[in-house]
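Trainee: Okay, handing you the structure first.
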Amino acid sequence: MSADEVAVGDWLLLSAEDHRATMRLDRQTLLYRQAVSAPNSNSDDSRKLARDSDLAA
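Going letter by letter, the sequence shown gives residues 134 to 190 in my numbering.
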């Protein structure tokens with residue numbers, strides 16, 4: 134199955150490694166959205182948060 138065959142609501146069977154990668158992407162997306170929505174966000178801070186989340190995973 135390729136990525137273009139996956140639709141919202143589909144159930145997928147993930148390996149443990151795939152699940153960890155998905156969780157990292159979710160975390161990075163959350164950090165990015167928080168950084169963008171912050172009134173005085175500093176892009177260096179958002180990059181640091183994303184890097185730190187990668188190191189923790």
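The beta carbon of each residue, even a glycine, is placed where N, CA and C say it ideally should be.
By the three-class DSSP mapping on this structure, what secondary structure does residue 168 have?
Mentor: The residue labelled residue 168 in the question sits at position 35 within the sequence shown. In the structure shown, residue 168 sits in a helix (DSSP, three-state: H, G or I).
Trainee: How should residue 164 be labelled, buried or exposed, when 16 other C-beta atoms within 10 angstroms of its C-beta is the threshold for buried?
Mentor: Along the sequence shown, one-based indexing puts residue 164 at 31. Per the 10 Å Cβ criterion, buried.
Trainee: On the premise that residue 139 lies in contact with residue 146, defined as a C-beta separation below 8 Å, what is that separation, rounded to the nearest angstrom?
Mentor: Along the sequence shown, read from residue 1 onward, the residue named residue 146 stands at position 13. Along the sequence shown, read from residue 1 onward, the residue named residue 139 stands at position 6. 12 Å between Cβ atoms; not a contact.
Trainee: Under a three-way DSSP split, which group does residue 154 fall into?
Mentor: For this step, residue 154 is matched to residue 21 along the sequence shown. Correct three-state label for residue 154: helix.
Trainee: When DSSP labels each residue in this structure, what does residue 143 get in the three-state scheme?
Mentor: Locating residue 143 in the sequence shown gives position 10, counting from the first residue. Correct three-state label for residue 143: coil.
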